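*Asks:* Under this note's numbering, read the sequence shown as residues 9 to 119, first letter to last.
Heads up, the beta-carbon is just placed ideally off N, CA and C, and yes, glycines get one too.
Quick caveat, the model's predicted, so the values are computed rather than measured.
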Amino acid sequence: MSSHKDDGFFKNIFRYLYNRRRMVLYLLILLVIVSYAVFGKKGILQRVELEMENKELQQKLKYEQEKSIMLQKEIEELKSSEKKIEKVAREKYGMTKEGEEIYKVQTDSTK
9 MSSHKDDGFF KNIFRYLYNR RRMVLYLLIL LVIVSYAVFG KKGILQRVEL
59 EMENKELQQK LKYEQEKSIM LQKEIEELKS SEKKIEKVAR EKYGMTKEGE
109 EIYKVQTDST K
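(1) Only counting runs of 4 or more residues, tell me where the alpha helix (DSSP H) segments fall wholly within the stretch 14 to 89, in order along the chain.
(2) Report the three-state DSSP secondary structure of V113 (helix, strand or coil).
(3) Throw me the rounded Cβ distance for the K92 and E85 pair, which I believe falls under 8 Å.
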């Protein structure tokens with residue numbers, strides 16, 4: 009008996025939708041348009057994702073530009089200052105003047 013009630017229920021739904029088929033068609037069309045607007049290649053979700061990526065890339069660009077400016081300043085200092093060249097040679101490459109000796113001091117990191 010339960011299946012007989014289910015048949016009537018589905019018949020009523022089908023009859024209701026059939027009598028309002030124009031409204032159902034409009035709703036389906038609207039559903040397709042909204043789905044495309046949200047999930048399509050040029051949809052809202054894609055736009056949000058691209059804007060987040062753009063913001064991230066803008067931050068990276070700003071960082072790299074600042075880094076480039078610092079490196080340009082360092083290049084200019086190296087071109088114009090013998091002391092700067094000597095400092096870099098000593099710190100980065102461990103170079104010494106003739107006759108100098110280097111003593112390395114080790115600190116106890118357990119204290």
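*Replies:* In brief:
(1) Fully enclosed alpha helix (DSSP H) runs of 4 or longer: 29 to 47 and 52 to 88.
(2) In the structure shown, V113 adopts coil according to DSSP, grouped into three states.
(3) K92 to E85, Cβ: 5 Å. Contact.
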